[in-house]
Amino acid sequence: MLSRRSVSPRRLGSPGPSAAQLGSLVDAVLRAPDHGRMLPWRLVDFGDATRARLADLFEDEKRRRTPDATTQDIERARAHATQTPTMLAFVVRPEADAVVPVPEQWLAAGAALGQLLMAAHAIGFGAIVLSGDRVQDQTLREALGIAPAEVLAGFVSIGTAISSPPPPPPVDRSRVLSDWKP
Ligand SMILES: Cc1cc2nc3c(=O)[nH]c(=O)nc-3n(C[C@H](O)[C@H](O)[C@H](O)COP(=O)(O)O)c2cc1C
């Protein structure tokens, strides 16, 4: 767990998880804590046959958002859709009228997302979640089948790390852990 780091898509190559490994990853994510077992999240898998279409959608969104986008910008947007063996969308679907408060549903979704990245690392793969401005784009959301009440939280890229990302900066534990002093 201490060695997990996000691995950028440009550092992720083949192979990615097999279908059986992806299934195991999902099973691992299903063991994340989830108040009321509401599953306030879902994953969308973009199989190989869909990637060119996904790249078109990413390109269209980039052109809408940045009309003066350079060729390099467009290539980068398309590459995000195509360059890693596995590409998933992580979608959060909180239920407003549930007994479980919405912030707790968000915590459960976040726990699931963290568990996905950690589980991928545990079986030898690199992974990263990236949102970017495109997750807000209504046309892209609709093309991906994201319902109005759902949040497209980001895209999870998974593959084999072909180079190491820089080490994470050290964080002093005291920033997150304190003693209660009554
Ligand atoms: C939901 C979510 C979306 C993110 N989107 C972006 C993003 O669009 N761009 C980015 O540079 N980092 C993004 N990050 C952060 C990276 O995925 C990564 O966590 C961060 O660079 C820290 O690296 P580490 O996980 O190795 O500590 C996002 C993280 C989360 C949880």
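1 is the number of the first residue of the sequence shown in full-length UniProt numbering; add one for each residue after it. Think of the CB as a built atom: it goes at the ideal place given N, C-alpha and C, for glycine as much as any other residue.
Check: residue i C-beta below 7 Å from any heavy atom of ligand 1
{"i": "residue 36", "result": "no"}
DSSP state of residue i mapped onto helix, strand, coil
{"i": "residue 87", "result": "strand"}
{"i": "residue 124", "result": "coil"}
{"i": "residue 32", "result": "coil"}
{"i": "residue 2", "result": "coil"}
{"i": "residue 139", "result": "helix"}
{"i": "residue 20", "result": "helix"}
{"i": "residue 26", "result": "helix"}
{"i": "residue 182", "result": "coil"}
{"i": "residue 50", "result": "helix"}
{"i": "residue 7", "result": "coil"}
{"i": "residue 103", "result": "helix"}
{"i": "residue 146", "result": "coil"}
{"i": "residue 39", "result": "coil"}
{"i": "residue 70", "result": "coil"}
{"i": "residue 119", "result": "helix"}
{"i": "residue 98", "result": "coil"}
{"i": "residue 177", "result": "coil"}
Presumed contact (8 Å Cβ cut-off) between residue i and residue j, rounded CB distance
{"i": "residue 87", "j": "residue 157", "result": "6 Å"}
{"i": "residue 40", "j": "residue 108", "result": "6 Å"}
{"i": "residue 150", "j": "residue 93", "result": "5 Å"}
{"i": "residue 134", "j": "residue 58", "result": "7 Å"}
{"i": "residue 188", "j": "residue 21", "result": "Residue 188 is absent from the model: the chain starts at 1 and stops at 182."}
{"i": "residue 11", "j": "residue 145", "result": "About 29 Å; that fails the 8 Å criterion."}
{"i": "residue 61", "j": "residue 137", "result": "5 Å"}
Per DSSP, cross-strand counterpart(s) of residue i
{"i": "residue 45", "result": "88"}
{"i": "residue 161", "result": "12"}
{"i": "residue 183", "result": "With the chain covering only 1 through 182, there is no way to say anything about residue 183."}
{"i": "residue 151", "result": "92"}
Residue i Cβ short of 7 Å to ligand 2 heavy atom set
{"i": "residue 119", "result": "As for ligand 2, it is missing from this structure, which binds only ligand 1."}
Quiz: which residues have CB nearer than 6 Å to ligand 1 non-hydrogen atoms: 5, 6, 128, 129, 130, 131, 132, 153, 154, 168
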